[in-house]
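Heads up, the thing below is written out as structure tokens.
Residue numbers (the working numbering): 66 to 189.
Put into structure tokens, the structure is as follows:
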């Protein structure tokens, strides 16, 4: 992989965060993590990752609030955001897409390999 890309995983469930981190590192990416939306937004603003994998249901600041803040600052134009959440209602999907999310994937229905295909699509 040329010029190692940085992925930020914003996920409060440690087991999922760890599995995603390990998986994407094995694919050759530089991976950073945040345990909540507030920490995630701070990292997005300070490091400008190449792509964000974002959960919705999190403490301190939820994923929709992170997307809204990114959208207001124009960050979703340059940083692809893939929402990966177990919140499967149409309202969240619509809101996240309207705020600039490239994908809205249901966590229990997506494998790491499928998620990697989406990541490659947006980082190529």
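Every residue gets a Cβ at the ideal spot worked out from N, C-alpha and C, and that includes glycine.
Go through its chain and collect everything with a Cβ distance to residue i's Cβ below 6 Å, but skip five positions before and after it.
| i | result |
| --- | --- |
| residue 123 | 77, 101, 102 |
| residue 141 | 135, 165 |
| residue 137 | none |
Starting from the C-beta of residue i, find all residues in its chain whose C-beta is less than 7 Å away, skip the five residues before and the five after it, and write them out in chain order.
| i | result |
| --- | --- |
| residue 66 | Because residue 66 carries a pLDDT of 42, less than 50, the predicted location of this residue cannot be relied on, and the following value inherits that uncertainty. Hits under 7 Å: 93. |
| residue 126 | 101, 102, 103, 106 |
| residue 161 | 129, 132, 148, 169 |
| residue 188 | 70, 115, 116 |
Should residue i and residue j be called a contact, given that it needs their Cβ atoms to be closer than 8 Å?
| i | j | result |
| --- | --- | --- |
| residue 128 | residue 115 | no |
| residue 167 | residue 146 | yes |
| residue 133 | residue 158 | no |
| residue 184 | residue 144 | no |
Run through DSSP, which three-state label would residue i get?
| i | result |
| --- | --- |
| residue 101 | coil |
| residue 175 | coil |
| residue 168 | strand |
Excluding the five sequence neighbours on either side, which residues of its own chain have a C-beta within less than 8 Å of the C-beta of residue i, listed in chain order?
| i | result |
| --- | --- |
| residue 97 | 71, 72, 73, 74, 108, 112, 114 |
| residue 82 | 74, 76, 98, 100 |
| residue 95 | 69, 70, 71, 72 |
| residue 173 | 151 |
| residue 153 | 171 |
| residue 181 | 88, 89, 92 |
Which whole runs of the alpha helix (DSSP H) in the stretch 119-163 are 4 residues long or more, in chain order? Here the runs fully enclosed are 128-137, 155-163.
Cβ pair count under 8 Å reaching 3, the stretch 161-181 against the stretch 80-94: Contact holds: three or more Cβ-Cβ distances are below 8 Å.
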